[in-house]
Amino acid sequence: RINLGKNLFGLQVNQFDWESILHVPVDKEGEFVYRLLPTVKGVDHRLIVDIHLENHIKYVTFRSGLILENTCSDVIQLAVVNKDRQMQSDIITLSAGEIYHVPIALAYGYWVVIRPSNQYEWSKQMLIWSDVLLPRSFKSVQCSSLDNAMASYNYQINAVFDKTNPLVKRYPMMKIQVCPSVQVENLLPFDFDLTLIEETTGEKVAAFVGKGKTAHLYTIKNDATIMIQLDLKSDRYNGSETTIIRTTPNYSAIGEALVIRDHNNVPTNLRMNITRSTNTTDSLSISIFAPYLILNKSGLPISLRQRQNYRQNNATVENIPAYKEGQVIVPTIFSYPEFNHHNRAQISINESKWSDPISFEAVGNSQDVTLLSKSDTYARHAGIKVEEGVGILRLTKIVTITPRYILKNNTGLKLNLCEFGADETITIDPEQKLALYQTTKSHVRWLCIKLQELQDHWSSPFDIHEIGKIFVKLDKGNGTIPYLIRVSTHIKESSIYITFSQDEDWPYYIVNKSSVDIRFRQENIHPEDYDLKDRQKKAFQEPRLFTLSPGEKHKYSWDIPIAKEKRLELLVGNRHRSINFQAIGAQVPFRYMKQRDGPVGSNTLSIDIIADDSALVLLLTDFDLSRSLYRPKSSGTSTLASTSREGSVRDSFETINIQHIINYVFEFNLAGFGISVINRHAQELAYATMKGLDFKYTDSNMYQSIRLSLQWLQIDNQLYGSTYPILCYPTTLPKVSHELSTHPTLHVALDKVKDDRHGVLYFKLFSVLLQEMSFEIDEDFLYALLDFAQLDMKLKRTEDETNMFIMKIEEPVVEKEEALYYFEEFCIQPMRLNLSFVRTDNVDATNSNASTGSSPMGYVFNVFTMTLGNINDAPVKLNALIVDNLRASSEDLTARIMLHYKDQIVYQIHRVLGSIDILGNPVGLFNTLSSGFGELFYEPYQGFIMSDRPQDLGIGIAKGVGGFMKKSVFGITDSMSRFTGSLGKGISAATMDKKFQDRRRMNMTRNKPTHAIYGVTQGVGYFGTSVASGVAGLVKRPIEGAESGGVVGFVGGVGKGLVGAFTKPVVGFLDMASNITAGIRETTTVFEGGDLKRERLPRFTGRDGIVTSYSQREALGQMWLKELESGKFFHETYIAHSIVDNDETIAILTYTRILI
């Protein structure tokens, strides 16, 4: 039954006369512990009630606290024994991934032994829960062969338990995992034979590892020095060279090289990620992957090399063969000698000259590569797409090389094709698909087509860089109506697809329902406006002039499709008028005779443009004052000009006044609301605050209008100890409250015209405004977010993965979409996002011995990642998307918007690199100066627009200048503060003193200067503390080293003491400089107020995991506990607190202590 809170079980365990357990709730997921009474031989046994939900079915498991899990790929056997190795249970066989629940009676005082099969002895080491808890207990067990003919098996042991649960130390509450000693994972697109040789004993192990599979090896100890060699199952590659892996405790290596050679003896590097983590199984894990895979889908042979440097010898060249449609591509492994973001490659296609250097690092980037020919004047083109691999290729960058231009003939006609102004022609038959590999070196990509059987009847040029569809008229050669060819241009990844189709529906129709003959043509263009060669300028043809008699209808398509601004010119008598054919609706009437030559109806044309499915219809009628939206101005003010532009023709006509009648208004206002994000551990991750949500819908006789505004959006990071307490907020803080209403964080406006006469959904305006936003995130929150999302990290073989190596280029589906939406003004206003990210080195992340790495390289790596790991206010600017007279379907509109912003974001990655902390934030410095100039520009503009009072402009100018001066000071000191602060953090990692680093991190996070005076005093204090710590370290470090490691530890302690004596005063000096400059920076903003803080303290949730309504008192008590003595009791669980002694003393109760 569904009866929340009252679904209770009662149960009786029929052993040892244990009492019944009543009222066991099963409403909540989790593991719940129940004490079994009475005690048995002085032991309080526990029953675990494990409740979890799967596929909407609730599973309730009653078990003991001790679980054994087989994480190996092979079967293991286990048994429970007493201290004399006498069997207390049956022999249990566990398959791969299977678990065994040890009976309650055997969980506390008995041992477990394991073996691979009955051909081996039971393990020499016996496992008991209390020993596994100890930090220095054995982590591996060994099983010898019964006949000594086979090598011994080695298993690694890992205990999984809740360190914060005090019961764990008194009773078995854990999972013990049995793991292989060595794991080798194949992340290559090839199978391989693996050979491992133990260097000291010469023992050899061979295994076949399929692609995407992991080999579990047991006969080699994980701490041995191992020689590894691969033999790839590919005709292209020979066996690898032998590489030695020398492992030590805590050892990890990212991107260790493993050299292989191809059939041409060209060497390249595979990479190995080698890890051993002390806080888990301590088993050795080796993942083998390719840094880059090159897929040649261009259809031509390619040569590839790393960038040639004049100081280097000739780089080795990879020759990649061409593949035909449908063939299976053998991917080419490519690598550089070392990891570096400045690595570049060069390619040559079909023996062309080498390309300019190309980056394979910019994931998500699709680019056009132009290569010059060695033998002729043509340029060759290719498209290159770089993407992250998925599944088994997740550590590899996939580089796909395709033709840049692909042509498809769906017309059913035999066509010839040439580049505009060139002589060479290409033949393309019906249903044929071909790649356009080379073009002239012209700056424009214009093509022309004609029927194969005709001579010199070329169409007008069309631009293959214009995404979308354009129409071209193809001359039949007999003077009849030409074929209408629809040229559809799509971009998919790095290739541009140009599809030719024959169409019966013309894009434009011109209907003359007036009483006069009308001539029309496309407005001519000026070749000088285009970057053309002389030969191309001469090839231009004049647009054709047509005549349309009263009552006639004419099919029309543009004569010059490449014109940047396409307008239709109407001619009546000696007057002409320019028409924007895309502007749906009634346009200003065309007066073609002077007013005195007759009444208005006989000398003026009404112009109306309507949509008919995918076509636009220009309807020309005699002017009817009773039906038109326009009326002529009085003769005293009216003039008639023969010019063609709107500015002058509006002098003759004005719009009529239509009374705007509002039918009804629906308005929805929320002063504010918050959304709390809580993870599966009942811990609050984030708290989003939204203030001033206003939604207004207005229905009138002319429009349907929507206005949506959000005055304030703030998302707080609710994890304690976070570097950035606020994740997202508007960058420009309002100085006074009324600015929130005039400058909301988000504003959306949409106006739909009530018009069903023009064949489209007619929108007058669409506008989106998002204020400048700052996003600040640290590494801890990122990991917490990944855990919250519960991303399925299991490897799944997707269809993309299997089809990736087939030589096939998927062409886009060309559909004839109806344009349902028309926007007179479509505007997504400019957006600016300021991104900050900081790496964190948590207090509990590693123990003090592992903090600086176990090798000199690990030490240097730690120092540099701590220094370079920060990105501070990296600006991502997104340009406005403003389009007039936009007519499109929803799918096409969405795709274009995504393409517009995706390209901008990828393009601006280099701006992020300019904002790394160690560079002193040079981008941030100049951006704050620009913001000062921006204030000078924007505020007078707002003063003038928002109000007609002249004094507003004066106030705005004065405020703008003040803003500029303030921003100049802020920008300079801000950049200095970030530079010194970043160096200080890196050098604190170099002190090799974990406590010093933690104390410094806590202080720098919590004690930020708010004024210049405070910055000086605090900075001097830091400097003094650092000098004292450095001097004290000269004595303390050797003593600590001698206690932990004898003579070797003493020598190491002397070294650490000397390093600290030098680096700590340097850190103190840099912190002092950072605090002083930060204090000056805060002084420039101290008069602004508006200090941004968390909306509320992080929520407290009890150990029971039940989320209740928010309590300010409990949240405050939890905060006191977390921050007490610089985080000493951070991992304690708060229960309650009480204020005593006249509000001067606080008593805090936790599960382990009472703090006063």
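Residues 290 to 1445 in this note's numbering are what the sequence shown lists, from first letter to last. From the three backbone atoms N, C-alpha and C, an ideal C-beta is built for every residue, glycine too.
Range covered by the beta strand (DSSP E) that runs through residue i
| i | result |
| --- | --- |
| residue 870 | Here residue 870 belongs to no beta strand (DSSP E), and DSSP marks it neither H nor E. |
| residue 272 | Since the first residue of the chain shown is 290 and the last is 1445, residue 272 is not available in this structure. |
| residue 1173 | 1170-1177 |
| residue 976 | 973-989 |
| residue 921 | 919-921 |
| residue 468 | 463-469 |
| residue 682 | No beta strand (DSSP E) holds residue 682; DSSP gives it neither H nor E. |
| residue 1436 | 1434-1439 |
Residue j beta carbon less than 8 Å from that of residue i
| i | j | result |
| --- | --- | --- |
| residue 378 | residue 368 | yes |
| residue 649 | residue 581 | yes |
| residue 466 | residue 350 | no |
| residue 457 | residue 463 | yes |
| residue 870 | residue 837 | no |
| residue 498 | residue 509 | no |
| residue 691 | residue 671 | yes |
| residue 708 | residue 575 | no |
| residue 1320 | residue 1350 | yes |
| residue 800 | residue 842 | yes |
| residue 677 | residue 652 | yes |
Cα-Cα separation, residue i to residue j
| i | j | result |
| --- | --- | --- |
| residue 943 | residue 866 | 17 Å |
| residue 432 | residue 524 | 40 Å |
| residue 638 | residue 590 | 6 Å |
| residue 659 | residue 479 | 32 Å |
| residue 874 | residue 969 | 56 Å |
| residue 839 | residue 724 | 48 Å |
| residue 1084 | residue 449 | Because the pLDDT of residue 1084 is 41, which lies under 50, any placement of that residue in the model is unreliable, and the question is left without a value. |
| residue 701 | residue 1099 | 21 Å |
| residue 1094 | residue 784 | 17 Å |
| residue 1003 | residue 1116 | 25 Å |
| residue 802 | residue 992 | 30 Å |
| residue 1447 | residue 1000 | The first residue shown for the chain is 290 and the last is 1445, placing residue 1447 beyond what the model contains. |
| residue 1356 | residue 1308 | 11 Å |
| residue 1258 | residue 1164 | Confidence in residue 1258 is poor, its pLDDT being 41 and thus under 50, which makes the residue's placement unreliable; the coordinate value appears in the next sentence. Their Cα atoms are separated by approximately 20 Å. |
| residue 593 | residue 559 | 17 Å |
| residue 805 | residue 771 | 27 Å |
| residue 893 | residue 859 | 12 Å |
| residue 1368 | residue 1191 | 39 Å |
| residue 1316 | residue 1127 | 27 Å |
Cβ separation of residue i and residue j, assumed to be a contact under 8 Å, to the nearest whole Å
| i | j | result |
| --- | --- | --- |
| residue 517 | residue 534 | 6 Å |
| residue 1501 | residue 789 | Here the chain comprises residues numbered 290 to 1445, so residue 1501 is not present and cannot be evaluated. |
| residue 435 | residue 408 | 6 Å |
| residue 313 | residue 298 | 4 Å |
| residue 1058 | residue 1040 | Actually they do not touch by this definition, with Cβ atoms about 15 Å apart. |
N- and C-terminal bounds of the alpha helix (DSSP H) containing residue i
| i | result |
| --- | --- |
| residue 1093 | Per DSSP, residue 1093 belongs to no alpha helix (DSSP H) and is neither H nor E. |
| residue 393 | 393-396 |
| residue 826 | 823-827 |
| residue 421 | 418-422 |
| residue 1405 | 1401-1412 |
| residue 1071 | 1068-1078 |
Among the options, nearest to residue i - alpha-carbon criterion
| i | options | result |
| --- | --- | --- |
| residue 850 | 814, 449, 1092 and 1050 | 814 |
| residue 552 | 607, 1181 and 713 | 607 |
| residue 1179 | 1050, 996, 1360 and 1341 | 1050 |
| residue 740 | 1069, 571, 719 and 754 | 719 |
| residue 1388 | 1425, 1401 and 861 | 1401 |
| residue 1009 | 1410, 348 and 1429 | 1410 |
| residue 398 | 356, 424, 406 and 461 | 461 |
| residue 1112 | 1164, 1162 and 1172 | 1172 |
| residue 338 | 329, 330, 344 and 325 | 325 |
| residue 845 | 416, 907, 1047 and 1185 | 907 |
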